[in-house]
Every structure is written in C-alpha cells, then in structure tokens.
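Beneath this line is the structure, given in structure tokens, with notes to follow.
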Amino acid sequence: MNLSKRARRALGAFSGLVLLILYIPLLVVLVNSFNPAKTFSWPPTGFSTKWWSRAIANEGVRTAFVTSVKAGLGATSIALLLGTMAAFAVARYTFFGREAISLLVILPIALPGIVTGIALNSAFTTFLKPFGIGFGLFTVIVGHATFCIVVVYNNVLARLRRVGATLEEASGDLGANTFQTFRYVTFPTIRSSLVAGALLAFALSFDEIVVTTFTSGASIKTLPQWIFDNLFRPNQAPVINVVAACLIVAFALPVWLSQRLSDGAAAGGRI
Amino acid sequence: MLWLVVAYLGSLIVMFVAAFWSTNDFTGALVRKFTTNNFHTLITESVYRTIAVRSIVVASIVTIVDAVVAIPIAFFMAKILSPRWRRIMVALVLLPLWASYLVKAYAWRTIFSEGGVLAWVASPFNIHTPGYGLGATTAVLAYLWLPYMILPVFAGLERLPDSLLDASSDLGANAWRTFRTIVLPITYPAFIAGSIFTFSLSMGDYIIVKIVGGKSQLFANVVYDNIGTAGNLPFAAAAAMVPVVTIIAYLLMVRRSGALDNL
Amino acid sequence: MIVTIGNGASGCYLEGMMKLRSKKRTLTLSTLSIAAATILLLAGCSSSSNSSAGTTSTPGAAAGGVPNVPLAKALGQGEGALNLIAWAGYAENGSNDKTVDWVTPFEKTTGCKVNVKIGNTSDEMVTLMKTGQYDGVSASGDATLRLIYGGDVAPVNTSLVPNYATVSDFLKNQKWNSVAGQMYGIPHAWGANVLTSNASKVTPAPTSWSAVFDPKSPYKGKVTAYDSPIYIADAALYLMSTKPDLGIKNPYALDDKQFTAAVDLLKAQKLIVGEYWADYTKAVQSFESGNTLLGTSWQVIVNMVNSDKKVKVNATVPVEGATGWSDTWMISSKAAHPNCMYKWMDHIISPKANAQVSEYFGEAPAQTLACAQTVDKNFCATYHATDAAYASKIYYWTTPTTTCLDGRGRICKDYAAWTQAWTAIKG
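Chains as they are written, first to last, in the numbering used here: chain P, 57 to 327; chain V, 513 to 775; chain Z, 224 to 650.
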C-alpha cells in the first residue's frame, strides 16, 4: 500500500509507544520480584532473590498451574466447537430465534462473574449431582466454556460476515463436497480468526477467578485462585510477581507458535 | 452438553425471577411472593442511578480509548509489517495477557501510588499524579482489555485486500481519505466485536476499582456486595439486570445502525 | 446459487442445530425443557427453604428462630477426608512454605485428608457454606450468625473437643458464636481493628477515633477506612461515647435513628478518606507509600509495615474502644465428614497448632496454652492474647439482625440494610 513514509513512521512510532505502555507494568512486576519489601512498595528497598527461591520451593503453584492449563485447554476446545457452530448458524442461515443466539452467547460475560458463578453452581448441583459428578475440573471447564464461547463466536462471526458465502457457493458449484469445501475454502478463511479466538478464550479462562470460585469445589485450585490467596496470606504476596514473570516467559513460545500456525502455508493466499 | 446449557439458562431464569421476590427480614430466607420493591429501590434511590451512569461512562470511555489505540496499531500490524514481524508483534500484544490480571492490577497500584513509578517519572516535569480514583480505574481497565480489542480488529484488517487500498490511492485518495472511507468501514464489525468484550468486561469488573479506585465503586460492586449478604439474592438479581439491560440496549443499537447486515 | 444445508462447514452439526431451532415443534420442546429446568430448580430451592421455615415454627426450638439442628453426641472414626473453607493462612499444609505446616501432622494422626477452599470475604464464605459441599468454615463474627440462623451450621458439643477447656474465657458463650448458651463453634483467634498512624507525619499520635472522623482533619485525603458494611459499627462505636443521647449500647444493634446517625457520620467521613481497603496487601502498601497516613487497620498490618522499615507506624486501641474480629470454626449442618471436622476443631486449638497459625497470620490465639509455644516469646504480649481487660474494650464483629442484639426487640437494622447503606455511603 502506498502510504507516505511519514505516515508509516508515525504509525510505527505509535505502535511502539503502545507496546511500551503494555510492557511497563510487566517491568514493574519483574523489578518488584527482586524487591525485598513484603508488599512490593516503590521504590524497591534493595535487591533480594528470596521471593524467587520461595517460589521455586512452592509446590502449590505448580499444581495450580497444571490445573489452570487443563481447564483452559478444555474450555477453549468446547468454545471453539460451539462458538464456530453458532457463528456459522447466525452468519449463513436464517431461522427463528437467530437474533436470540447473539444475546444468549454474550450473556455470560455481560453478567457480573458472581451472578454467572452462582447460577452455574446451582445448575451443577441440580443437574450433575444425580449423575455422581462432583465439583472439580470438569465443572470448572464447563463454567469457563460458557463465557469463552463468546470470544470465538465474535471473532469468527466478524470474519464470516466480511467474507460472505460466495466462495463456498462457488466451491460447491465446482463440484466440491462438503468436506472439501470446508477443508480448502472455509477453514483457511476463518483460520486466523479461530486462532485469535482460541488465544483470547484461553487467556480469559486462564485469568478467571470469580466464576472459578463457585465452580471448582474444594479439591482443586486454579492459578488465579492461588494468586488471590497469596495476596491475602501474610509474608507471601511478592511471590506472585515471580510467578507472573515466569508465566510470560513460559507462554512466549506457544503464543508465537500459534501465530505461525495461523499463517501457515496460506500466508500468501489473501482474498 | 445441551442439557447443561438448559440447566444454566434455567438457573439464570430462576435468578431473574428471584429479582421479584424478597427476603424474610428475620431469617433471611427467600419469600416467594411477587414484589417490585427491589426495582423500586433501584430506580428511586439516586445512589444506584449515579453508580449505574458512572459504570456506563467508565465502560464507554474504556471502549473508546481501546478503539482509538487499537485501530492504528492493528492497521500497522496487518498492512505495514512483514509477515514475520507481524507474527512477532501479535505475540507481543498477546503476551501480557498471561501475566495474571491480579498481578497486573497490583503493578498498576504501584505505578499510581504516591512516590510510585508514575510519580517518579513525572516529578522532574513537575506533574502531579492523579493518584487512585476513577481515572486510574479507567486507565487500568483500558490497559487490561486492550488486547481484546486489538486482536479482532487485526483479524478483520488482515483479510482486507491490499488491492483495495491500492485502488483507492490510484484513484487519487490520500492516506487519510483511504483510511476514512475504506479502512474504517471495514473495521467496523471487528470493532463491534471487540467493543462487546471491552464494554461488558468493564461493566462486570469489581476488583480493579477496589484496587486502584480509591474510594470509588462501580455497579458490579453493588451486585457483589449484595449477593453474599443474608439472603439478599433478590436485590442482587435485580441489580444484575442493570448491566444486562445495558448490554442488550447496546446490541440493539448496533443492530439498528444496520452495520452488521450491510457487509 | 444457493448453498444447501450441509454444504457449508460442519454441516452435520448445523443440520442438527437447524432442525432444533427452525421447526416450531422442536422449539417449543426446548422451551419446555427450559421451563422444566426452571421448575425443577424452583422446587429445589423451595424445599430447602421450607425445611428452615418449618423448623422456625417448631415450638421449643432454640431462642429466636434458630433452625433445629441436632447436636453430635459421640464421635466415631474419621471419614478419611475433610473439606474446609478457611481464611488464607488458616490451614497451611506446607505447599506454600515447607516450614509453615500444621495440616500434615493432622492428616497423619487422623487419616483425614484435608482439602481447603480459601474464602476471600465473609460473604463469599457464607455463600459457599450454603452449597452444603463443605464440612466446616473459619467464620468471622460477621458471618457466624448468618450461618446459624440460616441453618447452615450445627451446634458444637464442646465436651467432644478436649482442648476447648483451656480456651480464653472471654471468648466462650459470646453473642457471635453461641445462641442461648449453646456454642455453635470453637473460637480460633481474635484481633482488634486498631487506630494506626504514620509516626513521623501524624504527631502527636492520635488516641481517639475522632482523628478519622473529624471533617476538618489536616490529613484530608490521607485517611483510610475498612471497605465493608461492618465498618458502620466503627462509626456507631464512636457515637457511643461522643453522642450518648443516641443511646447506643451495642454498635451492632442500631435502630433507625442510631443507624442514620452512624451513616451520616460515615458520609461526612468520606470527604476526608483517600481510599478504602479490604485486603491487607493493599493496606500495607498504602501506609508504606504514604497514600495513607492514618486509619483503621490490623495488628498484622502494623507489624508488616514496621518490619519493612520504610515507614514507622503507631497503633493503639483508642479511648472509645475498638471493633475487632473473633474467628470461629463451625461445622456444617450437612457435613459429610463430621468426625474429621470435630478432630480438626480440636487440633486447630491445640497449643502447638494454635500458636503456629496465630503467629503466621498475626492475631491473638484463642488457646491460652498456645502462648508457651510461640517462636517469638513476646508474641502473646504484643497481641494482648490473654489480656481480658484489653479484650473487654473490643466489640467483636457480629452480624446485625432485626432482633436487636442488646435485647430491645425487633427494631434494628439487619445486615442487608447495612449493605445497602454502605453502597449509599460510598456513593
């Protein structure tokens, strides 16, 4: 595109500035993880690695991390499936109640988390108990999925609305069967929006605390819950800075890989 | 799975029916008798109106700030950067999402505190930091939900054909005009998608305002404060209607503008 | 060109969905099932409330409509598991810090595997207890009566808890943990909400709550207050000595006029408040950064601020007295593991464990013998653990109910009213 050099530079500088702002709090987190003060007051009173060694010796955080990853993956898979289906139904077909679906899907994040949480808790108690399914990972996954669906749904829907159905029609007219059309036409079109949706859904699930409180029961604990607990536990709060710093490093690779995946071979294939 | 959806909806319906109930003032047990008292209180007590308006204003500002920041950056990522840098940039935008919401909120608390990071940076220029309050709350919410705006907008722009932009400039449009007449309309549905997140996440949040809001409160706090207390589920359910109705109104507005169907 | 259903992506699913949504018959069916679900839930709710309403009307039930929940007569074998709701730091199993562990020894001796759910606020604890999925809770006084009157907890047979005998006397049979002489839990530990001030910036150190209620305070914008409806009691406590004609006897039992006076005082106070605090990480940070110069806080906050050596703060129980908290371990009326819960209640107030937990959390142990077991030998003195005179100046958090706690009848404001007033105060 023919943008003047000045415009490009201005855009670049602006983006750089935004990135900087995005990372300043994380820098504060990192600096504070070496701050000996017990409640990360500023400026740091010295340099200490005691929070790092405490975090490393901490078993609770590792268990919580694994639980959170499992819950996030589970919720994201459900959200991908249901969110895509709902988006297709709304974008490609007309049927009674179509308007209601958007609302239905958005409701769980529109409601304050505590309302969703209590509603889910009573739903699970009423409908799962008879089947002997107690509160645990499964209920957390289902709980998270309810508000993750909207992320996938919105991303895919925005894409579908923009692309239109003509390509799929053409594919069908040229003799492709359903599967082929999906594999070669539809999927590449929506792939990057799926990845974007999945990443946001996972992030949302990975960070959720209020709904989790009411759907997790006593036996499991997710990472945000662990972090919350530590803010309320004496002499432990700065450990969460260490954990946050580690999380960023731990997720850098998967996030980058997922980006490669979304471009893939179809990078040049713009419509 | 469908069964669970039904169950979930069922319990939501129960909660909203509960909005028309009251509690026994002695035992705190639910009294299942129709009353509009809760709504009456919500509407007549000016404090709830004030808080509701405040929350809507905060959520709107958060959405606008996020959009203003997200559209240029998403455009830069989608149309100017090479694919390789684009991937790195997307990863960089996404990464802060993993640093736990609470940890980031507390980092912002350090930034806004007296003698904190902002005061440090600003003091040589003789600027006073705003400290904790609604301004800080809005800033932190905008910060937290920014990736939820950038990504949909980016995904929308990514598929915008370069040829369209070229055609526009070939026909003599300058960059600003191209942006206004081509890029913005095409970004619109993506912006709507993003705004639904930023707006509703801001409406539903009660923790940020507790951490950096000073003595301020938002509507989600009202719901939260009432729900656990002795059987005040009815009032909380009635209060929870406010964000829901707001968001429904927003969706209807979007639909009326016809933006979603014209594409 | 028309795409037929099934030609698009994931056609089979879509077909299913289309059928479900487009045909009127199936639609009504799904509406019906939602309705059925609603009815089921309604039924579920009403049956539970019926039972509590039923016991309320039972003649001879304990005073003032307490649901009739049976008292345990004897203890059997442990059930092998125990699900607790606790404040962070109350049930540590060494997974956060290997040296902080009083759960593992309990698990070893009793065979009860302990699962802990951290409750972040009293309100959350009450809500979680109502689910019936937990055996016990470490409830503060602003939650206990709600649990008792809600029928969510059972009375405790203290003769089955041997260590109860040596618990401080001033914690036994109190308004927040018993009804009509029947204990509903075992006291865990207690603390006062102390008046805290920055030692270098606030001189002389205030000795009256007037420092935080004076609208002309020189520390405007630097005052902090506790962010909970229960803080209204702090205002009532102050009014008790400054406006005796209001006739407040108990800061948790306020009639219309007294309540309005307290609320007005807090509305005026808001003008000088810089921020409200609810978690103590926030409070410590505020004092250290100088955002807050004076206000109410806890002994543990004071200790933490002083140990970071950045700012020095003074703390005192002012002349008017102070509010405070006293936590109680309560057993659920629906406990699946009652024997393990009884064993836990005995364990947590055993001298060793009670010393560990109160020293870790920073509060006064309920167990008098715990003072000999603390690492810091001055610990009990710092916290005034066995000082009955100090304790008598403290009005412990108690849930306000319509039946006045001071026995004036049913003219008081309940906690729901306090909550709505708190919203109005914060504006």
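For glycine and all other residues, C-beta sits at the position ideal for the given N, C-alpha and C.
Being a predicted model, the structure only gives us computed values, none of them experimental.
Residue from the options with nearest C-alpha to residue i
i: residue 650(V); options: 612(V), 533(V), 713(V), 764(V); result: 713(V)
i: residue 476(Z); options: 320(Z), 498(Z), 494(Z), 453(Z); result: 453(Z)
i: residue 567(Z); options: 384(Z), 439(Z), 317(Z); result: 384(Z)
i: residue 680(V); options: 694(V), 578(V), 647(V); result: 694(V)
i: residue 746(V); options: 612(V), 553(V), 573(V); result: 553(V)
i: residue 251(P); options: 664(V), 578(V), 674(V); result: 664(V)
i: residue 305(Z); options: 611(Z), 562(Z), 612(Z); result: 562(Z)
i: residue 440(Z); options: 295(Z), 519(Z), 502(Z), 496(Z); result: 496(Z)
i: residue 208(Z); options: 650(Z), 298(Z), 340(Z), 328(Z); result: The first residue shown for chain Z is 224 and the last is 650, placing residue 208(Z) beyond what the model contains.
i: residue 760(V); options: 129(P), 217(P), 165(P); result: 165(P)
i: residue 357(Z); options: 345(Z), 337(Z), 459(Z); result: 337(Z)
i: residue 702(V); options: 666(V), 763(V), 716(V); result: 666(V)
Limits of the unbroken beta strand (DSSP E) element including residue i
i: residue 337(Z); result: 336-341
i: residue 552(Z); result: 545-555
i: residue 413(Z); result: 409-421
i: residue 459(Z); result: Per DSSP, residue 459(Z) belongs to no beta strand (DSSP E); it is in the alpha helix (DSSP H), 455-465.
i: residue 518(Z); result: 517-521
i: residue 536(Z); result: 536-539
i: residue 565(Z); result: It is not in any beta strand (DSSP E) - residue 565(Z) instead sits in the alpha helix (DSSP H) that spans 561-571.
i: residue 447(Z); result: 446-449
i: residue 618(Z); result: 617-619
Any C-beta of chain P under 8 Å from that of residue i
i: residue 563(V); result: no
i: residue 463(Z); result: no
i: residue 402(Z); result: no
i: residue 376(Z); result: no
i: residue 339(Z); result: yes
i: residue 319(Z); result: yes
i: residue 420(Z); result: no
First and last residue of the uninterrupted alpha helix (DSSP H) at residue i
i: residue 498(Z); result: No alpha helix (DSSP H) holds residue 498(Z); the beta strand (DSSP E) holding it covers 496-500.
i: residue 285(P); result: 279-287
i: residue 641(Z); result: 638-649
i: residue 661(V); result: 646-670
i: residue 102(P); result: Counting along the chain, residue 102(P) falls outside any alpha helix (DSSP H), and DSSP gives it neither H nor E.
i: residue 234(P); result: 234-237
i: residue 305(Z); result: Taken as a continuous stretch (DSSP letters only), residue 305(Z) belongs to no alpha helix (DSSP H), being part of the beta strand (DSSP E) at 304-309.
i: residue 620(V); result: 613-624
i: residue 680(V); result: 674-682
i: residue 364(Z); result: 364-372
i: residue 205(P); result: 193-219
Contact belief for residue i with residue j at Cβ below 8 Å, rounded distance in angstroms
i: residue 723(V); j: residue 617(V); result: 5 Å
i: residue 671(V); j: residue 215(P); result: 7 Å
i: residue 547(V); j: residue 532(V); result: 6 Å
i: residue 625(Z); j: residue 633(Z); result: 5 Å
Close Cβ partners of residue i (< 7 Å) along its chain, the five nearest in sequence each way excluded
i: residue 348(Z); result: 308, 342, 360, 362, 366
i: residue 277(P); result: 120, 123
i: residue 324(Z); result: 315, 316, 317
i: residue 718(V); result: 730, 732, 733, 736
i: residue 623(V); result: 629, 630
i: residue 575(Z); result: 596
Neighbourhood of residue i by C-beta, 6 Å cutoff - its chain only, sequence neighbours within 5 removed
i: residue 292(P); result: 286
i: residue 271(P); result: 176, 195, 196, 199
i: residue 591(Z); result: 389, 391, 609
Any chain Z beta carbon closer than 8 Å to residue i
i: residue 263(P); result: no
i: residue 126(P); result: no
i: residue 742(V); result: Reliability of the predicted coordinates at residue 742(V) is poor, the pLDDT of 46 falling under 50, and the value obtained from them is presented with this limitation in mind. Interface residue, yes.
i: residue 775(V); result: Note on residue 775(V): pLDDT 36, under 50, position unreliable in the model; no value is reported.
Residue i at chain V interface by Cβ criterion, 8 Å
i: residue 499(Z); result: yes
i: residue 222(P); result: no
i: residue 297(P); result: yes
i: residue 214(P); result: yes
i: residue 308(P); result: yes
i: residue 226(P); result: no
i: residue 315(P); result: yes
Same chain only: Cβ atoms within 8 Å of residue i, ignoring 5 sequence neighbours per side
i: residue 413(Z); result: 394, 547, 548, 549, 550, 586, 587, 589, 614, 617, 619
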